[in-house]
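Per our numbering, the sequence shown starts with residue 1, numbered consecutively. Some notes on the structure that comes next.
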Amino acid sequence: MSKTFARSSLCALSMTIMTAHAAEPPTNLENPEGRLDIIAWPGYIERGQTDKQYDWVTQFEKETGCAVNVKTAATSDEMVSLMAKGGYDLVTASGDASLRLIMGKRVQPINTALIPNWKALDPRVVKGDWFNVGGKVYGTPYQWGPNLLMYNTKTFPTPPDSWQVVFVEQNLPDGKSNKGRVQAYDGPIYIADAALFVKATQPQLGISDPYQLTEEQYQAVLKVLRDQHNLIHRYWHDTTVQMSDFKNEGVVASSAWPYQANALKAEGQPVATVFPKEGVTGWADTTMLHSEAKHPVCAYKWMNWSLTPKVQGDVAAWFGSLPVVPQGCKASPLLGEKGCETNGFNYFDKSPSGKRL
1 MSKTFARSSL CALSMTIMTA HAAEPPTNLE NPEGRLDIIA WPGYIERGQT
51 DKQYDWVTQF EKETGCAVNV KTAATSDEMV SLMAKGGYDL VTASGDASLR
101 LIMGKRVQPI NTALIPNWKA LDPRVVKGDW FNVGGKVYGT PYQWGPNLLM
151 YNTKTFPTPP DSWQVVFVEQ NLPDGKSNKG RVQAYDGPIY IADAALFVKA
201 TQPQLGISDP YQLTEEQYQA VLKVLRDQHN LIHRYWHDTT VQMSDFKNEG
251 VVASSAWPYQ ANALKAEGQP VATVFPKEGV TGWADTTMLH SEAKHPVCAY
301 KWMNWSLTPK VQGDVAAWFG SLPVVPQGCK ASPLLGEKGC ETNGFNYFDK
351 SPSGKRL
């Protein structure tokens, strides 16, 4: 009997075990508490300290009286751990953390009626199964984006067109082996990236969705990942470390987020990104409310503020991501008229099942 490794199974499990009582959401947004504690990815909550142009916190604080305090987290596991410890109101949870937080009862359903900007959300993300569980909504979409192939332009004068450069041992255009010069993401979700490659290179397996594999397909993907292990310089999860590896450790190709590529290019590093012919997976992050949030009114005000078009566009410009509010593509001079196109706005439906978790 074949086993199916499916995200849908995880969703079903989460619906059956949620029996604890989460805090009731507020019914109005009067009397903000004056403070807001957020766990976020680096670069997600900027107040102009790195670059004065990128500040979507100061105006919020002035308008609401809610002082924003940010704890950055480098990995999904760190986010889950911090939420378990408590003391935070919101977390910008990755897709591979959101269901863990829901099943662990660390976050509570939200009242979307208290978020006027909810109506502006991209219909492609508003029903995402990584935060809609059991008929309840467990968060506000924040940003999304593709997982790209980042490469060194000196090593690859012509952009590589396949994920093969990180999965299969070979000599690269500079005549040197790729062994010890490539990286892969450090997380179970990367199985989907490998499955996408196997789908293209082993069509006889019949993979239709890299997030949902039969036992035979799963074992084939694991073999590709085990073979890849001999090529890996480092499994990355910290963006800062990965950027340092591209600059100082001879790494020339890896899966990456637009954030790393944009930051490296801003430093004048010889890097670029490409959408390989096999396709790409994608990610979607959600602002989720802690089940025991001490500042729920400020939290709701932030969730609504985060969906204003200019904020969405500014975040996308800084992080190299994409707005969950389509108007954000035209509302930010920092992002520019073609910023969404450059960052991959039209690739959502080309990502497997239009989703990531």
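We put the beta carbon where it would ideally sit given N, CA and C, even for glycine.
Check	Outcome
Residues bridged to ALA299 (per DSSP)	Paired residue(s): none; ALA299 is not in a bridge.
Of the listed residues GLN212, GLN170, LYS179, nearest to ILE189 (C-alpha basis)	GLN212
Supposed contact pair GLY339 and ALA317 - C-beta distance, whole angstroms, cut 8 Å	6 Å
Complete runs of the beta strand (DSSP E) confined to the segment 182-216 [at least 3 residues]	182-185
contact_flag[the segment 209-228, the segment 157-165] where n(CB pairs < 8 Å) is 3 or more	no
Per-residue burial, GLN108 [other beta carbons within 10 Å of its own, 16 or more giving buried]	buried
Bridge partner(s) assigned by DSSP for ASN117	BP columns for ASN117 are empty, so no partner.
8 Å Cβ shell around PRO26 - same chain, five flanking residues per side excluded	ASN111, LEU114, PRO296, VAL297, TYR300
Residues near THR75 in its chain [Cβ-Cβ closer than 6 Å; skip 5 each side]	HIS237
Whole-angstrom distance between TRP302 and GLN68, CA atom to CA atom	Correcting the residue type first, residue 68 is Val in the shown sequence and not Gln. If you take the alpha carbons of VAL68 and TRP302, they lie about 9 Å apart.
Beta bridge counterpart(s) of ALA284 as assigned by DSSP	TRP144
Residue interval of the alpha helix (DSSP H) (run including ASN343)	339-343
Simplified DSSP state of HIS21, which is helix, strand or coil	Reliability fails at HIS21, whose pLDDT of 47 lies under 50, so the model's placement of it is uncertain and no value is given.
Buried versus exposed, by CB contacts within 10 Å (16 or more), PRO157	exposed
Unbroken beta strand (DSSP E) run spanning LEU90, endpoints	90-93
Bridge-paired residues (DSSP) for ILE38	VAL70, LEU90
Cα-Cα separation between GLU375 and ARG47, rounded to whole angstroms	Missing from the structure shown is residue 375; the chain here goes from 1 to 357 and no further.
Coarse secondary structure for TYR259, derived from DSSP in three states	helix
Buried or exposed (CB count within 10 angstroms, at least 16 for buried), THR50	exposed
Residues that SER177 bridges to, as DSSP identifies them	ASN171
Residue burial classification, GLU337 (beta-carbon count within 10 angstroms, cutoff 16)	exposed
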